[in-house]
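Data first, discussion second: the structure below is written as C-alpha cells.
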Amino acid sequence: MDKNQKLEFDVIVVGAGLSGSAAAAIAARSGLKVAIVERGQNPGSKNYFGGALYTHSLLEIYPDLWDRKPPLERPVTETGFWFLSKDGLVKATVQGGKVNSNPIDAYVALRAKFDAWWAEQAQKEGAFIIPKTLVVDFIRENGKVVGVKTDRDQGDIYAPVVIITEGVNNLLTQKLGLAKHDIKGDSAALAVKQLISIPAATINARFGLTDNDHGLAMSVMGDVSMGLPGLGFIYTGVDCVSVGVGVTLEALREAGIKPYELLQRYMNHPMIAPLIAGGRLMEYGAHIIPEGGWKDMPQLYTDGVLVAGDAASMVNALHWEGTNMAIVAGKCAAETAIEAHQKKDFSAKSLSSYRTRLDKRFIMTDLHQYRNLSHFLKTHPDFMAIYPTFINDALGMFFTGFGKPKGQLYKDILRSLTDRRPLLKAVGDIVAFGRTIIGI
Amino acid sequence: MFHALVSIKQVPDTTNIRIDPETNNLIRQGVPTILNPYDAHAVAAAVEWKRKLGGKVTIITMGPPAAVTSLRECIEMGADRAILISARQFAGADTWATSYVLSEVVKAVHEKDPIDLLFFGKQAIDGDTAQVGPGVAVRLDLPVVSYAVKIREVNLEERYVIIERKTESRNEVIKTSLPTALTCEKDIAEIPYASLPDLVYSLRYEPEVWNAESPITFDPALLGLKGSPTTVFKTGTPEKHIAGEVIKTEELGVDGAVKAALDKILGVEGMASILGVQK
C-alpha cells in the first residue's frame with residue numbers, strides 16, 4: 001500500500017458504538033467502502049451504559065444473531081419498577097407471560113465486551129476500523145462536508161457522506177451547527193454505576209432467579225436519589241450485578257451532592273445492600289445520558305452528513321430506551337447513505353429521506369410523544385420522591401391494619417398522601433403525568 | 441544504512457490482573473493483552489535512530505497468533521518489517537528456551553541484512569525476569585548494555601555506539617562496538633503518535649510468520665517446555681532492599697573516604713580476621 005495515497009472511503013462513521021457499528025455493517029454489506037473512526041484504544045473501551053440491550057434491534061442488523069454467538073449476559077425475564085421508601089420496598093414487576101417471549105425482549109450486557117464484538121461483526125461485513133483516532137473537524141468543499149479531519153498528522157479522510165455517531169458529547173454535531181447548544185445540565189443525567197462480582201448461584205438465590213438463563217432489569221424509584229429527579233437501576237449479569245443511579249446534572253449541582261455519595265447511599269439502602277453484600281467491585285463508571293429527547297434533537301442531516309444515536313438525543317428516558325434507537329437509527333442512516341450513493345447525490349435534500357425513515361419507525365413517534373417528559377420532571381421535581389414512598393406507606397398500612405376499623409385505615413392512607421401533598425395537587429400531578437406520557 | 445532489530449513481547453495488561461484467591465494463580469481470562477511497555481519504548485528508540493540515520497527497523501516476537509496486534513503497533517510506530525515466530529513447539533518456553541529461539545532468528549535475519557543494534561525492553565511486565573535480552577546477547581556473543589536510558593551516538597562508519605545506562609546510584613556512559621545489544625528503560629525514547637497514513641498502513645499490515653521448520657530450523661530438544669530447565673518452586677515478594685551508606689569523596693577526600701569505609705568494615709565483628717588484617 002502506498003502511504004501517500006489519499007485516504008478515501010464511500011462512508012465514514014464517527015464512533016464505534018452501537019449506532020456506528022450498526023450503520024457501518026449495513027453500509028459495508030451493500031458493498032460500500034466504509035471506515036469507522038474510533039477514539040478509544042478499541043471499540044467499546046469508551047462506551048458505557050446501565051444494563052440491557054433490546055433483542056429486536058440486534059436482530060434487525062443481524063438476522064443470524066444467535067449463530068454469531070453474541071457476548072450477552074442474562075436474558076431479562078423479570079422487569080418493572082421497585083419503589084423504595086426510607087426502609088421499605090414495593091415491587092411492581094412482571095415475569096412470564098409477554099416477558100417470556102421468544103426471543104426474550106432484552107438481554108443484560110457489558111458494553112466493553114459487547115461493543116468490541118459488535119464492531120468485529122461490522123468488520124466482518126467489510127468495514128475498516130481506525131482506532132485511537134479522534135475526529136476533530138470536517139473537510140468542506142463548496143460548503144459541503146466531504147470528509148473528516150483527525151487529530152493525527154496527515155489526518156484527513158475523505159468520503160461523500162459522514163455518519164456522526166459520536167455519542168452524547170456531540171461536539172462535531174455542534175461544530176456543524178446542527179445542534180444549537182452544548183448539552184444542558186437540566187436535560188442531561190449523570191448516571192454512576194458499580195459492577196459488582198457475585199457468584200451466579202448467589203445471584204439466583206438473592207433475586208429469585210431459576211437459573212443463569214433468567215435475569216432481572218429494574219428501574220428503582222423513590223428513596224434512591226435523595227429527593228432529586230432521578231432513577232436507580234439494577235441489572236443482573238451472569239456473575240455480576242450492575243447497580244447505579246442517574247440524576248440530572250443541574251439537580252446534582254443545585255443540591256451540591258456528589259454522584260458517588262448518591263450511589264453509595266443507594267447501595268447502603270436496607271433493601272438493596274443485602275442483594276449485593278459480599279460482592280467484589282469490578283468496575284466503577286459514569287456516563288452522561290441525554291434525556292432532553294425530542295426538544296434537544298439536533299437537525300439530523302445536512303449536506304454530506306447524518307447524525308444518529310446519543311449525538312442526536314435519541315433516548316427515551318422513561319422506558320430506558322436508547323440503545324435500540326441508536327441501532328435502528330444507525331441502520332436508517334446507512335440505508336440513506338446507500339441510497340445517496342445510488343443517486344450520486346449527497347445533498348441535504350437527498351439525505352432528507354433519513355428523516356422519513358426515522359418517522360416510519362418508533363423513534364420519532366416515541367420521542368415526540370414523550371417530548372414534555374423532561375419539562376414535567378423539571379416542574380415536578382419531587383414527583384419521584386413523593387409517590388414511591390407514599391405507595392410504600394399505603395400498601396404497608398393496607399396489609400398491616402390488623403384490628404383497625406377499615407374506614408379508619410382508608411382515612412389514614414389518605415392522610416399519608418395529603419401529609420405529603422394536598423389532594424388537589426396530587427390529582428394535578430397524576431393528570432399532568434398522564435398527559436406527559438400520552439403526549440398531549 | 442542503519443538496521444535495528446527489536447525483540448518484543450505481548451503481555452497481559454498487569455494493571456488489570458487479578459489473583460484467584462483460592463488457587464493463587466493469575467486470572468488471565470478476559471485480561472486484555474498489550475505490547476510490553478518497555479518494549480514499546482525500545483521500538484520508539486529504534487525508529488527515532490532510523491529516522492536520524494536512514495535505514496530500517498525489524499521487529500521480532502515469539503508468541504501466539506494474537507501477538508500480531510502488538511507487531512502492528514510497532515509498525516504503527518514506524519517499524520518496517522515484523523516477524524511473528526509462532527508454533528506449538530515453542531509453547532511453554534522459559535527464558536532459556538526463548539533466548540535460544542530468538543538468537544537463532546536474529547542470526548538468520550543478520551545473515552541477510554546485518555544488524556547494528558539489537559533492542560530489548562529491560563524486562564517484560566508479566567515475568568519481570570529481565571533475562572531474555574542478555575540471554576540472547578550472550579548466545580550471539582554480543583556486548584550487552586542493560587537498563588539503557590539514552591543513546592548518545594551511533595557511528596556507523598567507525599562502528600561504535602555510546603549509551604547511557606542507569607545503575608542504582610548514577611548513570612554510566614558506555615562506548616562499545618557495533619553490533620551491540622541493549623535492554624531499554626522507558627526513558628530511552630518517547631512513544632510517538634503516529635501519522636494517520638502510518639496507522640492505516642499498520643492496521644492492514646500482515647507480518648511474516650516463522651514456524652519451527654521454516655524458514656529456519658531449530659534443535660527440537662531445545663524448544664518449548666522440553667527445552668526449559670526452569671522450575672518455579674515458590675513465588676513471593678522479595679525482602680525490602682536496604683540502601684547502603686554512601687561515603688562521599690567530595691567531603692572527605694579520597695584517602696579520608698577510604699579510611700572511613702575501612703573503619704566501618706573493620707568495626708564489624710570478625711571482619712578483620714576474614715580480611716586478614718589487624719585492627
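Residue numbers (the working numbering), protein chains in the order written: chain C, 1 to 440; chain A, 441 to 719. Cβ atoms here follow ideal geometry from the backbone N, Cα and C, with glycine treated the same way. None of the values given here were measured: they were computed from a predicted structure.
Chain A contact residues for glutamine 154 of chain C, given Cβ-Cβ distances below 8 angstroms: Ser635, Leu636, Pro637
Are the region 280–296 of chain C and the region 233–250 of chain C touching, with three or more C-beta to C-beta distances below 8 angstroms? yes
- Task: Identify every run of the beta strand (DSSP E) within the region 142–194 of chain C, keeping only runs that are complete inside it and at least 3 residues long; order them along the chain.
- Result: 144–150, 156–158, 161–164
| message | Taking CB distances under 8 angstroms as the criterion, tell me whether leucine 715 of chain A reaches chain C. | response | For leucine 715 of chain A, not one C-beta of chain C is nearer than 8 angstroms to its own C-beta.
What residue does the beta strand (DSSP E) around arginine 605 of chain A start on, and which one ends it? 600–606
- Please say whether glycine 304 of chain C and methionine 314 of chain C have beta carbons closer to each other than 8 angstroms? No, the pair does not count as a contact, with Cβ atoms beyond the cut-off.
* **Supposed contact pair leucine 636 of chain A and aspartate 296 of chain C - C-beta distance, whole angstroms, cut 8 angstroms** => Not confirmed; about 33 angstroms, so no contact.
Next on the checklist: Please report the straight-line C-alpha distance between glycine 20 of chain C and leucine 84 of chain C, rounded to a whole angstrom.
Outcome noted: 37 angstroms
Determine the direct distance from the alpha carbon of aspartate 359 of chain C to that of threonine 365 of chain C, and round the result to whole angstroms. Straight-line Cα distance between these residues: approximately 7 angstroms.
Item to complete: Quick one: grab the DSSP three-state call for phenylalanine 399 of chain C.
Response: Under the three-state reduction of DSSP, phenylalanine 399 of chain C is assigned to helix.
_According to DSSP, is isoleucine 36 of chain C part of a helix, a strand, or is it coil?_
strand
Give me the residue from C:Phe114, C:Thr236, C:His269 with the minimum Cα distance to proline 70 of chain C. C:Phe114
Quick check on DSSP: helix, strand or coil for threonine 670 of chain A? coil
- Query: Whose Cβ in chain A lies nearer than 8 angstroms to the Cβ of leucine 367 of chain C?
  - Reply: None at all; the shortest Cβ gap to chain A is about 36 angstroms.
Could you name the residues of the region 415–439 of chain C whose beta carbon sits closer than 8 angstroms to any beta carbon of chain A, in the order they occur along the chain? none
### Task
Tell me whether phenylalanine 390 of chain C sits in a helix, a strand or coil according to DSSP, three-state version.
helix
Closer than 6 angstroms by C-beta to glycine 237 of chain C: which residues in its own chain qualify, once you throw out the five before and the five after it? Chain order, please. These residues qualify, in order along the chain: Glu73, Val108.
Going along the chain, which residues of the region 640–653 of chain A sit with their C-beta nearer than 8 angstroms to a C-beta in chain C? Val640, Tyr641, Leu643, Arg644
Practice task
Whole angstroms is fine: what's the gap from histidine 380 of chain C's alpha carbon to valine 220 of chain C's?
Solution key: 18 angstroms
Kindly list, in the order they appear in chain A, the residues whose Cβ is closer than 7 angstroms to that of threonine 150 of chain C. At a beta-carbon threshold of 7 angstroms, the residues of chain A lying near threonine 150 of chain C are Leu636, ordered along the chain.
Discussion item. Assuming leucine 190 of chain C and alanine 286 of chain C are in contact, meaning their beta carbons sit under 8 angstroms apart, how far apart are those beta carbons, in whole angstroms?
Written reply: Their Cβ separation, rounded to whole angstroms, is 6 angstroms, which keeps leucine 190 of chain C and alanine 286 of chain C in contact under 8 angstroms.
Cβ distance (whole Å) where aspartate 566 of chain A is taken to contact valine 451 of chain A below 8 angstroms: 4 angstroms between Cβ atoms; contact.
Report task. Verify the CB distance criterion: does threonine 165 of chain C have a CB-CB separation below 8 angstroms to chain A? Result -> no
Checklist line | Exposed unless 16 or more other CB atoms sit within 10 angstroms - verdict on glutamate 597 of chain A | finding: exposed
> Measuring CA to CA, which of A:Met517, A:Val546, A:Thr535, A:Val471 is closest to leucine 524 of chain A?
Replying inline: A:Val546
For phenylalanine 81 of chain C, which beta-bridge partners are listed by DSSP? C:Ala92, C:Ser219
Listed from N- to C-terminal order along the chain, which residues in the region 128–148 of chain C have their beta-carbon within a distance smaller than 9 angstroms of any beta-carbon of chain A?
Residues Phe128, Ile129, Ile130, Pro131, Lys132, Thr133.
*asked:* Here's the rule I'm using: 16 or more other beta-carbon atoms within 10 Å means buried, otherwise exposed. How should leucine 59 of chain C be labelled?
replied: exposed
Q | Cutoff 6 angstroms; reference serine 57 of chain C; Cβ partners in own chain excluding five residues on either side | A | Asn324, Ile327, Val328
field: Where the alpha helix (DSSP H) through lysine 113 of chain C begins and ends
entry: 111–124
Asparagine 611 of chain A: first and last residue of the uninterrupted alpha helix (DSSP H) it sits in:
No alpha helix (DSSP H) holds asparagine 611 of chain A; the beta strand (DSSP E) holding it covers 611–617.
### Query
For the putative contact between alanine 537 of chain A and serine 447 of chain A, defined by C-beta atoms under 8 angstroms, what is the C-beta separation to the nearest angstrom?
Not really, about 14 angstroms apart at Cβ, beyond 8 angstroms.
Notebook entry, point to check: Between which two residues does the beta strand (DSSP E) harbouring asparagine 268 of chain C extend?
Noted result: Note, asparagine 268 of chain C: premise wrong, no beta strand (DSSP E); not H, not E.
ask   = Candidates C:Ile157, C:Ala432, C:Asn47, C:His375: which alpha carbon is nearest lysine 33 of chain C's?
value = C:Ile157
ask   = Quick one: which chain A residues come within Cβ less than 9 angstroms of leucine 7 of chain C?
value = Leu636, Pro637, Val640
If you count every other CB in all the chains shown that lies within 10 Å of the CB of histidine 443 of chain A, and 16 or more means buried, which is it?
buried
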